[in-house]
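Right, one structure below, let's go through it.
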Ligand SMILES: Nc1ncnc2c1ncn2[C@@H]1O[C@H](COP(=O)(O)OP(=O)(O)O)[C@@H](O)[C@H]1O
Ligand SMILES: Nc1ncnc2c1ncn2[C@@H]1O[C@H](COP(=O)(O)OP(=O)(O)O)[C@@H](O)[C@H]1O
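Protein chains in written order, with our numbering: chain A, -8 to 92; chain B, -8 to 92; chain C, 470 to 617; chain D, 470 to 617.
Structure (C-alpha cells):
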C-alpha cells in the first residue's frame, strides 16, 4: 500500500497504489487525516486507479475521508475505481453517500 | 502453460508462455515431440520469453528438445530467456550443451 | 448432500494482520486450478479477506490466535472454503450478518458478511460464544473452454 | 542456536502435481512480508518448486500422499522453509544431493537439490527410508529502505 498526494489551488489529489485491506487501512487513514489537516483542501480527489485489491476496509477509509472533508466544509470525489474495488463499493451501496466517478 | 509454434523454410519457432514446472512438463514434451515430427525442422528456436516461472523441469524439456533435433540432424537454439529461468539454466551449466541466446 | 472432493489444501497461520494478504493470495493460487476469470478470482480473494479480517479483528481482539483455512475443489467446478477461529465467537449470528451491523470501531464498515454473501454462492456461519467461529463459503467457477 | 520466530504459516496438501503452483505461490505470498526483490522471490519460488516436486515424484511415486510446508520468519529477515513428506525416503542423502544424480526418468534432471542449495543460503535434508523426508531451507532477505 502506497499513498502519494499533490495539491493545487486547495484541490488535493490523493493517489493510492497496492492492496487496501485492514492491515493497510489504519496507517492509511492516519496519513489521509494528516494530509488534509496540513493542506486544508476545499476539494479532495481520491484516486484508486493503482489499487490491485480492496476489501470492505476501503469502505471505512472512504467514509472517513468524506467526513473529514465535510468537517472542512469541502467535498470528496472518488475517481478511477478499478473493477474489483467498484464491486465492493457498489455492494455496500456507497454511491448513495459518496461521489464515485 | 501455453505453447504456440510457427514454421518458415523448415525453421520451427516454439513459443512458451506461463509457468513451466513438472506439472506442465510432461504434456509440453509430448507437444514439442509431435510438433517436430510433423514439421521436420532443420533448426528450432525455443522462445522462453513468455515464461513467468521455470524450475529444473525446464532443463529436462530443453535437453529432450535438443536430442530430438539431433536425431533430425538439426539444431536447437534457446532464445529470450527470462532472468529467473536463466538462473536455473546457468546453475545447471546447461550452456555447455545447448545454445542459449 | 455428499460431494466428492478432488483436491484440498489447509492453511494455518497466526492472526497477524500482515497475514491477510498471505491468506487471500494462497487461496487464489489454489483456486487458479479451476481456471477462473480475473473477476471470479477477485470475488474469491475479497470473500477470503473479509472472513480472515473478521477472525483477526473480532475473534482475537486482544491476543494472537490460530486461524485455519480449508479449501476444497468439489465436483462441478465448485470451490469450498472454510475459515475457522477459536476466538470469542458470535452471540447472535443472524444479527451479525445484517448489513451495517458491526461491533468494530470506525475502522469497520459492518459490510463483511454482506460482501461474502453477495460475492459467493453460499455462506454458512457456525459460531459459539467463547469457542470460536467457522465461516463456510462456496463458489462455482464457470467452466471455460481452453483457448489453445 | 535458538532463533525467535516472528510469524509462521503451515500449508498442507496432497501430492497432486497441480499443487506445485499453489505451493510456490502461497509461500511467495507469505515471503512478501519481508519485502523481497523480484529476484529473491524468484529464488524462493524455485527452491519450493524443486522440493515439492521431489515429494510428488520421488516420495509418492505411485500414490497420493500428504505434503506439509512450514514457513517461518526468523530474526534478521531470515525466511525458513521446511517441506515434509511421509513417503519412500532417501537411502543415501549425500549421494542424492550430488548434481545430476537422479532416480527419476528422462523427465528429471537430477539438479533439484543443486538448485535448492545454490538459490538458498542453507539446505538440510533429513530422511529415513520408508518413513519420509524433511527438507529445510533458509534464505536471508536483504533489508531495503521503504520507498515512500
Ligand atoms: N470471526 C468472528 N469472531 C467473532 N465475531 C465476529 C466474527 N466475524 C464477525 N463477527 C461479528 O459480526 C459483526 C459483523 O461482521 P461483518 O459483517 O464482517 O462486519 P465488520 O467486520 O465490518 O464489523 C462483527 O462486527 C462482529 O461483531
Ligand atoms: N522427497 C524425496 N523422497 C524420496 N526421494 C527423494 C526425495 N527428494 C529427492 N529424492 C531422491 O534424490 C534424487 C535427487 O533429487 P534432485 O536433485 O532433486 O533431482 P531430481 O528430482 O531431478 O531427480 C532423486 O532422484 C530421488 O532419488
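Positions of the beta carbon are idealized from the N, C-alpha and C atoms, including for glycine.
Are any of the Cβ atoms in chain C nearer than 8 Å to that of residue i?
i	result
residue 10 of chain A	yes
residue 4 of chain A	no
residue 55 of chain A	yes
residue 529 of chain D	no
residue 495 of chain D	yes
residue 556 of chain D	no
residue 87 of chain A	no
residue 483 of chain D	yes
Please state whether DSSP places residue i in a helix, a strand or coil.
i	result
residue 572 of chain C	coil
residue 33 of chain B	coil
residue 473 of chain D	coil
residue 590 of chain D	coil
residue 563 of chain C	helix
residue 581 of chain D	helix
residue 92 of chain B	coil
residue 538 of chain D	strand
residue 599 of chain D	coil
residue 481 of chain D	strand
residue 87 of chain A	helix
residue 45 of chain B	strand
residue 549 of chain C	strand
residue 606 of chain C	strand
residue 9 of chain B	strand
residue 39 of chain A	strand
residue -6 of chain A	strand
residue -1 of chain B	strand
residue 67 of chain A	strand
residue 503 of chain D	helix
residue 533 of chain D	coil
Out of the options, state which residue places its alpha-carbon closest to the alpha-carbon of residue i.
i	options	result
residue 533 of chain D	D:485, D:597, D:552, D:565	D:485
residue 599 of chain C	C:559, C:568, C:591	C:559
residue 498 of chain C	C:483, C:514, C:508	C:514
residue 555 of chain C	C:570, C:561, C:604, C:543	C:604
residue 64 of chain B	B:27, B:15, B:8, B:23	B:27
residue 529 of chain D	D:546, D:557, D:545	D:557
residue 549 of chain C	C:589, C:595, C:613, C:492	C:589
residue 70 of chain B	B:22, B:34, B:25, B:12	B:34
residue 18 of chain A	A:91, A:66, A:41, A:-7	A:-7
residue 38 of chain A	A:11, A:61, A:84, A:83	A:11
residue 494 of chain C	A:60, A:44, A:22, A:36	A:44
residue 573 of chain C	A:23, A:47, A:42	A:47
Under 6 Å Cβ to Cβ from residue i, same chain only, skipping five residues before and after it: list those, please.
i	result
residue -5 of chain A	6
residue 525 of chain C	484, 486
residue 539 of chain D	479, 551
residue 612 of chain D	546
residue 488 of chain C	482
residue 582 of chain D	566
Against chain D, with Cβ distances strictly below 8 Å, would residue i count as a contact?
i	result
residue 617 of chain C	Since pLDDT at residue 617 of chain C reaches only 44, below the 50 mark, its modelled position is unreliable, and the value read off the structure follows with that caveat. It does not; no Cβ of chain D falls within 8 Å.
residue 586 of chain C	no
residue 17 of chain B	yes
residue 95 of chain B	No answer is possible for residue 95 of chain B: it lies beyond the span of chain B, which begins at -8 and ends at 92.
residue 59 of chain B	no
residue 62 of chain B	no
residue 506 of chain C	no
residue 611 of chain C	no
For residue i, which residues of its own chain have a beta-carbon under 7 Å away from its beta-carbon, when the five flanking residues on both sides are left out?
i	result
residue 20 of chain B	52, 55
residue 481 of chain C	535, 537
residue 0 of chain A	none
residue 30 of chain A	-2, 3
State yes or no: is the beta carbon of residue i nearer than 8 Å to at least one beta carbon in chain A?
i	result
residue 486 of chain C	yes
residue 589 of chain C	no
residue 564 of chain C	no
residue 552 of chain C	no
residue 514 of chain C	yes
In or out: residue i buried (at least 16 other Cβ within 10 Å) or exposed?
i	result
residue 506 of chain C	exposed
residue 552 of chain C	buried
residue 616 of chain D	Low local confidence applies: a pLDDT of 49 at residue 616 of chain D is under 50, so the model's placement there is unreliable, and no value is given.
residue 569 of chain D	exposed
residue 522 of chain C	buried
residue 470 of chain D	Reliability fails at residue 470 of chain D, whose pLDDT of 49 lies under 50, so the model's placement of it is uncertain and the value that follows must be treated cautiously. It counts as exposed.
Please decide whether residue i counts as near chain B, where near means a Cβ-Cβ distance under 8 Å.
i	result
residue 509 of chain D	no
residue 581 of chain D	yes
residue 536 of chain D	no
Who are the near neighbours of residue i in its chain, counting only those whose CB is closer than 8 Å to its CB and skipping five residues on each side?
i	result
residue 57 of chain B	67, 88, 89
For the segment 594 to 606 of chain C, which residues have a beta carbon sitting closer than 9 Å to at least one beta carbon of chain G? Any reference to chain G falls outside this structure, whose protein chains are A, B, C and D.
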